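Right, one structure below, let's go through it.
2 protein chains.
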Amino acid sequence: MKKYLAVLGKCPLFYGIKEDELLRMLGCLGAKTEFFDKKYTVFAEGARAKYIGIVLSGSVQITQVDFYGNRSILSVIGAGQVFAEAFACAEVEEMPVSVVANEPSEIMLLECAHVLHTCGNHCAFHRQLIFNLMKDLATKTITFHKKIDITSKRTTREKLMAYLMHEAKRAGSNSFDIPFDRQELADYLEVERSGLSAEIGKLQKEGVLESRKKHFTLL
Amino acid sequence: MKKYLAVLGKCPLFYGIKEDELLRMLGCLGAKTEFFDKKYTVFAEGARAKYIGIVLSGSVQITQVDFYGNRSILSVIGAGQVFAEAFACAEVEEMPVSVVANEPSEIMLLECAHVLHTCGNHCAFHRQLIFNLMKDLATKTITFHKKIDITSKRTTREKLMAYLMHEAKRAGSNSFDIPFDRQELADYLEVERSGLSAEIGKLQKEGVLESRKKHFTLL
DNA sequence: CTCCGTTTGTTGAAAATTCAACATATTTTC
DNA sequence: GAAAATATGTTGAATTTTCAACAAACGGAG
Numbered sequence: 024m025k026k027y028l029a030v031l032g033k034c035p036l037f038y039g040i041k042e043d044e045l046l047r048m049l050g051c052l053g054a055k056t057e058f059f060d061k062k063y064t065v066f067a068e069g070a071r072a073k074y075i076g077i078v079l080s081g082s083v084q085i086t087q088v089d090f091y092g093n094r095s096i097l098s099v100i101g102a103g104q105v106f107a108e109a110f111a112c113a114e115v116e117e118m119p120v121s122v123v124a125n126e127p128s129e130i131m132l133l134e135c136a137h138v139l140h141t142c143g144n145h146c147a148f149h150r151q152l153i154f155n156l157m158k159d160l161a162t163k164t165i166t167f168h169k170k171i172d173i174t175s176k177r178t179t180r181e182k183l184m185a186y187l188m189h190e191a192k193r194a195g196s197n198s199f200d201i202p203f204d205r206q207e208l209a210d211y212l213e214v215e216r217s218g219l220s221a222e223i224g225k226l227q228k229e230g231v232l233e234s235r236k237k238h239f240t241l242l
Numbered sequence: 024m025k026k027y028l029a030v031l032g033k034c035p036l037f038y039g040i041k042e043d044e045l046l047r048m049l050g051c052l053g054a055k056t057e058f059f060d061k062k063y064t065v066f067a068e069g070a071r072a073k074y075i076g077i078v079l080s081g082s083v084q085i086t087q088v089d090f091y092g093n094r095s096i097l098s099v100i101g102a103g104q105v106f107a108e109a110f111a112c113a114e115v116e117e118m119p120v121s122v123v124a125n126e127p128s129e130i131m132l133l134e135c136a137h138v139l140h141t142c143g144n145h146c147a148f149h150r151q152l153i154f155n156l157m158k159d160l161a162t163k164t165i166t167f168h169k170k171i172d173i174t175s176k177r178t179t180r181e182k183l184m185a186y187l188m189h190e191a192k193r194a195g196s197n198s199f200d201i202p203f204d205r206q207e208l209a210d211y212l213e214v215e216r217s218g219l220s221a222e223i224g225k226l227q228k229e230g231v232l233e234s235r236k237k238h239f240t241l242l
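Residue numbers (the working numbering), protein chains in the order written: chain A, 24 to 242; chain B, 24 to 242.
See below:
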């Protein structure tokens, strides 16, 4: 587990926990790691939510596919970030989403039951862990507010611009990369890919933005 | 504070905390209560997130209004439920939403800083409080998943049906009341009120459902 | 009971999205 | 480096939503 310390140190779940304690905790938490190639499923919709996931390298997408095959991307989780924690903590029977590797990714899984209920050892740190988990969940909720803020707009153009503004703000620059290709961006914004492409074209002609693949610049 | 014990006992935030302890805690948490008439603002968008709110009676709506005046309703919070906890826990500078009383409502406000950081007394219960808050946040995240599941549908009809299915499931019956009037339902589903009315009319003609005001029956 | 304000339903025209199909880039693979 | 596979852009027709305006139904207040 030692080789993962650099990433885990940046994981908000382990904030304030020293490396040697962290290593011992991972044992108690039933930590195991798995490798997933691009497009492979980490958790399938409908599965029991038993594990809290941490991305050690690569990234995963949280997706939902409806009855007619429309995919909706809820979020992208990068290295050092946590996923599926809400379902695990809320102890839901069936996950309403799938988690799919976005690229070759190493994933750490923690036994949720071990995270929620202290095992008798290391209790001081366990307390910190719970506190961190709470903060993480609060942050996640805000991520969803952001997504709803974007997708509640009524037109493709407004959704796109709202999204790009958020990304520019996050990047701290009007020039930035997004983690989506066109189809994925459409699935995140909940619009048609073709309409999205057309809108990006128009906005470029109008001089509002420039884009080449995943790189965007707001003008 | 005694008169609120019945509601607070049902509040997930205080699960597992005895009444006498609860009363003492409320002091430490800086609890105060306020009354809001229908349509009055509890928290305004842009305000600093200092308080965790609890609905003692009545209900509140979490809403967002965009640049062009389109209102989006994120959720409705009823008696015994908690709101604004995510912003308080994540310590955001500006609330991205407003909280508005849906009917005459009594609201309890807790100082967030007192909830997050133990004050020296009652630590055993404070720990339980943090744990409860974590569970609550996990549940909230799932509520947002539900909303995204609904609003990611592409047509008014699909959004409406997805919403009604969820409500029927929650009610455990195909006949149930919803907490929205037509305009509010439209703002929750992120669609036009007139289009929504038309769609409800069509679905009734088709024999898919019956509705009178806030009461719906799926056939 | 009647008046008045609010909510809900209805309509038609304008605007936007979806859908399917294809052209063109771009990337991957061998 | 060529072929195959994937991603992106483009188009027009059909569908759907939005918008504005008005009619009808409903609910209180007096």
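Ideal Cβ placement from N, Cα and C applies to all residues, glycine included.
The model shown is predicted, which means the values in this text are computed figures rather than measured ones.
Notebook entry, point to check: Buried or exposed: where does residue 163 of chain B fall if 16 or more other Cβ atoms within 10 Å of its Cβ makes it buried?
Noted result: Answer is buried; the Cβ neighbour count reaches 16.
Notebook entry, point to check: Are residue 153 of chain B and residue 154 of chain A touching if we call contact CB-CB under 8 Å?
Noted result: The Cβ atoms of residue 153 of chain B and residue 154 of chain A sit closer than 8 Å to each other.
Check: Per DSSP, residue 235 of chain B is paired with what?
Finding: Beta-bridge partners assigned by DSSP to residue 235 of chain B: B:238.
Notebook entry, point to check: Which runs of the beta strand (DSSP E) spanning at least 3 residues fall entirely within the region 73 to 127 of chain B, listed in chain order?
Noted result: List check, beta strand (DSSP E) in window: 74 to 80, 82 to 88, 94 to 101, 121 to 124.
Check: Would residue 213 of chain B count as contacting chain A if we go by Cβ distances under 8 Å?
Finding: True, the Cβ-Cβ gap to chain A drops below 8 Å.
Note to self: I'd like the span of the beta strand (DSSP E) that includes residue 68 of chain A, first residue to last.
What the structure shows: Residue 68 of chain A: not part of any beta strand (DSSP E); DSSP gives it neither H nor E.
Check: Name the chain A residues whose beta carbon is nearer than 8 Å to that of residue 165 of chain B?
Finding: Here the neighbours are 109, 110, 113, 115, 119.
Check: Can you tell me the Cα-Cα spacing of residue 129 of chain B and residue 139 of chain B, whole angstroms?
Finding: Each residue's alpha carbon lies about 23 Å from the other.
Checklist line | Residues that residue 200 of chain A bridges to, as DSSP identifies them | finding: Answer is A:238, bridged to residue 200 of chain A.
Item checked: Residues that residue 73 of chain A contacts on chain B, provided the C-beta gap is smaller than 7 Å -> Result: empty, since nearest Cβ-Cβ is about 14 Å, beyond 7 Å.
Next item on the list: Pick out whichever of B:132, B:60, B:239 has its Cα sitting closest to the Cα of residue 197 of chain B.
Entry: Considering only alpha carbons, the answer is B:239.
Check: Does any residue of chain B bring its CB to less than 8 Å from the CB of residue 217 of chain A?
Finding: Residue 217 of chain A does not count as touching chain B.
Next item on the list: Check each candidate in B:87, B:67, B:86, B:104 and name the one with the smallest Cα separation from residue 37 of chain B.
Entry: Ranked by how close their Cα comes to the Cα of residue 37 of chain B, the residues B:87, B:67, B:86, B:104 have B:104 in first place.
Note to self: Out of A:168, A:45, A:158, A:63, which one is the CA nearest neighbour of residue 189 of chain A?
What the structure shows: Closest by alpha carbon: A:168.
Next item on the list: Report the option in A:187, A:118, A:209 whose CA atom is closest to the CA atom of residue 199 of chain A.
Entry: Taking only the C-alpha atoms, the option nearest residue 199 of chain A is A:187.
Checklist line | Simplified DSSP assignment, three categories, for residue 171 of chain A | finding: Here DSSP, grouped into helix, strand and coil, assigns residue 171 of chain A to helix.
Margin query: I'd like the span of the alpha helix (DSSP H) that includes residue 55 of chain A, first residue to last.
Written below: For residue 55 of chain A, there is no enclosing alpha helix (DSSP H); the enclosing beta strand (DSSP E) has its first and last residue at 55 to 59.
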